[in-house]
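Asks: Attaching a single structure in structure tokens format; questions to follow.
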Amino acid sequence: MGITMFATIEKCTSEGREKDTVAANLDGTLLRSRSSFPYFALLAFDLCGVLRLLFLLLASPLAGILYYFISESAGIQVLIFATFAGMKVSDIESAARSVLPKFYSEDLHPESWRVFSSCGTRCVLTTNPRIMVEPFLKDYLGVDMVLGTEIEIYKGRATGFVRSPGVLVGKKKADALRKAYGEIQPEVGLGDSDSDIPFMTLCKEYYLILAKPKVKAVTTNKLNKPIIFHDGRLVQRPTPLMALIIIFWIPFGFLLACVRLSTMSLLPMHLQCYAFWVIGIRLTIKGIPPPPIMKSGDQSGVLFVCCHRTLCDAVFLSAALGRSITAVTYSLSRFSEIIAPIKTVRLTRERASDTSIIKQLLKEGDLTIFPEGTTSREPYLLRFSSLFAELTDEIVPVAMVNKMSMFHGTTARGWKWMDMFFFFMNPRPTYEITFLNKLSHEFTCKSGKSSHEVANYIQKVIAEALSYECTTFTRKDKYMALAGNDGTVVKNP
Numbered sequence: 127m128g129i130t131m132f133a134t135i136e137k138c139t140s141e142g143r144e145k146d147t148v149a150a151n152l153d154g155t156l157l158r159s160r161s162s163f164p165y166f167a168l169l170a171f172d173l174c175g176v177l178r179l180l181f182l183l184l185a186s187p188l189a190g191i192l193y194y195f196i197s198e199s200a201g202i203q204v205l206i207f208a209t210f211a212g213m214k215v216s217d218i219e220s221a222a223r224s225v226l227p228k229f230y231s232e233d234l235h236p237e238s239w240r241v242f243s244s245c246g247t248r249c250v251l252t253t254n255p256r257i258m259v260e261p262f263l264k265d266y267l268g269v270d271m272v273l274g275t276e277i278e279i280y281k282g283r284a285t286g287f288v289r290s291p292g293v294l295v296g297k298k299k300a301d302a303l304r305k306a307y308g309e310i311q312p313e314v315g316l317g318d319s320d321s322d323i324p325f326m327t328l329c330k331e332y333y334l335i336l337a338k339p340k341v342k343a344v345t346t347n348k349l350n351k352p353i354i355f356h357d358g359r360l361v362q363r364p365t366p367l368m369a370l371i372i373i374f375w376i377p378f379g380f381l382l383a384c385v386r387l388s389t390m391s392l393l394p395m396h397l398q399c400y401a402f403w404v405i406g407i408r409l410t411i412k413g414i415p416p417p418p419i420m421k422s423g424d425q426s427g428v429l430f431v432c433c434h435r436t437l438c439d440a441v442f443l444s445a446a447l448g449r450s451i452t453a454v455t456y457s458l459s460r461f462s463e464i465i466a467p468i469k470t471v472r473l474t475r476e477r478a479s480d481t482s483i484i485k486q487l488l489k490e491g492d493l494t495i496f497p498e499g500t501t502s503r504e505p506y507l508l509r510f511s512s513l514f515a516e517l518t519d520e521i522v523p524v525a526m527v528n529k530m531s532m533f534h535g536t537t538a539r540g541w542k543w544m545d546m547f548f549f550f551m552n553p554r555p556t557y558e559i560t561f562l563n564k565l566s567h568e569f570t571c572k573s574g575k576s577s578h579e580v581a582n583y584i585q586k587v588i589a590e591a592l593s594y595e596c597t598t599f600t601r602k603d604k605y606m607a608l609a610g611n612d613g614t615v616v617k618n619p
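The C-terminal position of the sequence shown is numbered 619 in my numbering, with every residue numbered one higher than the one before it.
In structure tokens form, the structure reads like this:
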């Protein structure tokens, strides 16, 4: 019996299945895409760089020929070897937890998720290595059991080969399901190809997911929890064509980034906006930038309180104002400090010391601060530190958003000193800066508000301007989630 004889997923009801068990394939079933190449490519590039991505791309035709004409198992083994050989297992686990979930979540099939999410007990069977899919499936889809291919490990590194019984495909999926559940039959089986039939027929009901490339993915708000933290350099899913474009672009993009950084470092700040047009950078300014204050006596400079998207935030703010504004940072590599075209001052994370530093800088002029303490990619704002609110009432909230088409300009696990290069390697990086109204007296500490109330109010104002959500997560939460550390950057790059 071919799988095309099975009833389609649209005929499966999702009502009253709270006590049911579902067993589903991953690629082509829970996910819209039937190709796992993009996810292998994400790991290859993030953990080993462009040369490993090139190796994987060159190996993919062989993998495709083996997969479609000789053996599915052999084709998957080629992808596993080209991607994993020599990688540290701890790095694979970290990338699977911090890089892949966002891309998996954007590829979730709506019909299969409708049925899958309605069941009380959830099991996924996949030919992919369990180590790369389990974090997403368990953390974001509420999967109870993941049955996947197990990779061979030697002295903490992947060998590129797989453990017995080999790649989990065909009858091996059925054997794994039978071993996991014994004589208990799962109520629902979901699959998309003939190789899924053996495990699907072990279930009481089984349904086919048809290939529909144009079907819209599930919106991320339907996941078990939102994806607030995300890492990795690539913006788009690296299909074979996109991977090829990335490989050819990187040498040219790096030279372009050097030209852009050199231009920004050498030109005076009031000419930066004109230079941006020439070197392919787009800067959009909204609101009314405040003019410089004519200081007299002990008058404080203006404190620009900004959300934090990349290390370039302070540079683009200065360009938008047409004058260089000093920025205080919580964590910046020494190399980034050297190439920055504006003055940066590192804070110590000791309250008394930081208070003294900020007060002194405000006496000297205007200042930029990022109270989140770290960058954030997703449409969420991290908790704002309240220290700044105690030190001045001359506060201007600034909302920032950027757009990148190829590379992210931030990382929690990689080389942070390369952040600016990756941002400027994008074909046309874009920044949008919105100057909001200066904080009125009734919302400052002088009016009797606590510093926490002021910080929370500014976070809310910026979030509303960007249509983002406020969170209580901190810098430490981000780095613990993505990198397993507190995010402290040493002074040497």
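Built from N, CA and C at the ideal position, the CB exists for glycine as well.
With a 10 Å radius around its C-beta and 16 neighbouring C-beta atoms as the bar for buried, classify A445 as buried or exposed.
Replies: Buried, since its Cβ has 16 or more Cβ neighbours within 10 Å.
Asks: Provide the residue(s) that pair with F548 in DSSP beta bridges, ordered along the chain.
Replies: DSSP lists no partner for F548.
Asks: Need the endpoints of the alpha helix (DSSP H) that T389 sits in, please.
Replies: Here the alpha helix (DSSP H) through T389 covers 366-392.
Asks: For Y194, which three-state DSSP category applies?
Replies: It is helical.
Asks: Measure how close the beta-carbons of L251 and N347 come, nearest whole angstrom, since I'm counting them as under 8 Å.
Replies: The Cβ separation is near 27 Å, so there is no contact.
Asks: Strictly by DSSP, which residues pair up with N151?
Replies: N151 pairs with L251.
Asks: Following the continuous beta strand (DSSP E) through F561, name the residue where it begins and the one where it ends.
Replies: Run containing F561: 556-561, per the beta strand (DSSP E) assignment.
Asks: Within 10 angstroms of the Cβ of A337, are there 16 or more other Cβ atoms? Answer buried if so, exposed if not.
Replies: Exposed: under 16 other Cβ atoms inside 10 Å.
Asks: Is it true that the stretch 505-513 meets the stretch 596-608, where meeting means three or more beta-carbon pairs spaced less than 8 Å apart?
Replies: Yes: at least three Cβ pairs fall under 8 Å.
Asks: Hey, which unbroken runs of the alpha helix (DSSP H) at 4 residues or more fall wholly within the stretch 195-263?
Replies: Qualifying alpha helix (DSSP H) stretches, in chain order: 198-210, 215-224, 226-231, 236-244.
Asks: From the DSSP output, in three-state form, read off F510 for me.
Replies: Note: F510 maps to coil in three-state DSSP.
Asks: L192 to E198, Cα distance in whole Å?
Replies: So the alpha carbons of these two residues sit roughly 7 Å apart.
Asks: Work out the CA separation of I354 and T436 for me, nearest whole Å.
Replies: So the two alpha carbons sit approximately 16 Å from each other.
Asks: Identify whether C174 lies in helix, strand or coil by the three-state DSSP scheme.
Replies: Helix.
Asks: How far does the alpha helix (DSSP H) with M326 in it extend, from its first residue to its last?
Replies: Counting along the chain, the alpha helix (DSSP H) containing M326 begins and ends at 323-326.
Asks: Count the other C-beta atoms from every protein chain shown that fall within 10 angstroms of the C-beta of S576, then say buried if there are 16 or more, exposed otherwise.
Replies: Under this definition S576 is an exposed residue.
Asks: Mind the definition here: the stretch 133-142 touches the stretch 301-311 only if three or more C-beta pairs lie below 8 Å; say whether that holds.
Replies: Judged by Cβ distances under 8 Å, the stretch 133-142 makes no contact with the stretch 301-311, as fewer than three pairs qualify.
Asks: Does DSSP put E579 in a helix, a strand or coil?
Replies: Residue state, collapsed to three classes: helix.
Asks: Please tell me whether K529 and P553 are closer than 9 Å, where the distance is taken between their beta carbons.
Replies: It is not a contact, given that the beta carbons lie outside the stated cut-off.
Asks: Count Cβ pairs between the stretch 397-404 and the stretch 199-213 that sit closer than 8 Å; are there 3 or more?
Replies: Segments in contact, no.
Asks: In chain order, what residues of the same chain have a beta carbon less than 6 Å from the beta carbon of R363, not counting five sequence neighbours either side?
Replies: Counting only Cβ-Cβ distances below 6 Å, and skipping sequence neighbours, we find P164, F229.
Asks: How would you call K340, buried or exposed, if buried means at least 16 neighbouring beta carbons within 10 angstroms?
Replies: Under this definition K340 is an exposed residue.
Asks: Check this for me: beta carbons of V92 and L443, under 9 Å apart or not?
Replies: No information on residue 92 is available, as it lies outside the stretch 127 to 619 that the chain covers here.
Asks: When you compare only the Cα positions, how much space is there between G246 and P312?
Replies: Their Cα atoms are separated by approximately 11 Å.
Asks: So does the stretch 260-269 actually touch the stretch 232-249, counting three or more Cβ pairs closer than 8 Å?
Replies: These segments touch.
Asks: Return the CA-CA distance between K469 and V454, expressed in angstroms with no decimal places.
Replies: Each residue's alpha carbon lies about 9 Å from the other.
Asks: Is I279 helix, strand or coil by DSSP?
Replies: Here I279 sits in strand by DSSP.
Asks: Please state whether DSSP places E331 in a helix, a strand or coil.
Replies: Three-state result, E331: strand.
Asks: For L316, which residues does DSSP report across the bridge?
Replies: L316 pairs with A150, Y333.
Asks: Near I376, which residues of its chain fall below 8 Å by C-beta distance, leaving aside the five closest residues on each side in sequence?
Replies: Only V176, M551 meet the Cβ criterion.
Asks: Which residue's Cα is closest to the Cα of N582: G574, S573, D322, F569?
Replies: Nearest of G574, S573, D322, F569 to N582, Cα basis: F569.
Asks: From S391, D233, G427, pick the residue whose C-alpha is nearest to that of K342; which is it?
Replies: Nearest option by C-alpha distance: D233.
Asks: Considering only the alpha carbon of each residue, which of E276, R477, Q486, L183 lies closest to A170?
Replies: Nearest of E276, R477, Q486, L183 to A170, Cα basis: L183.
Asks: Which residues does DSSP pair with M526 in a beta bridge?
Replies: Bridge partners of M526: I559.
Asks: Would you decide whether T253 is buried or exposed? Buried here means 16 or more other CB atoms lie within 10 Å of its CB.
Replies: Per the 10 Å Cβ criterion, buried.
Asks: According to DSSP, simplified to helix, strand and coil, what is A453?
Replies: A453 falls in the strand class under three-state DSSP.
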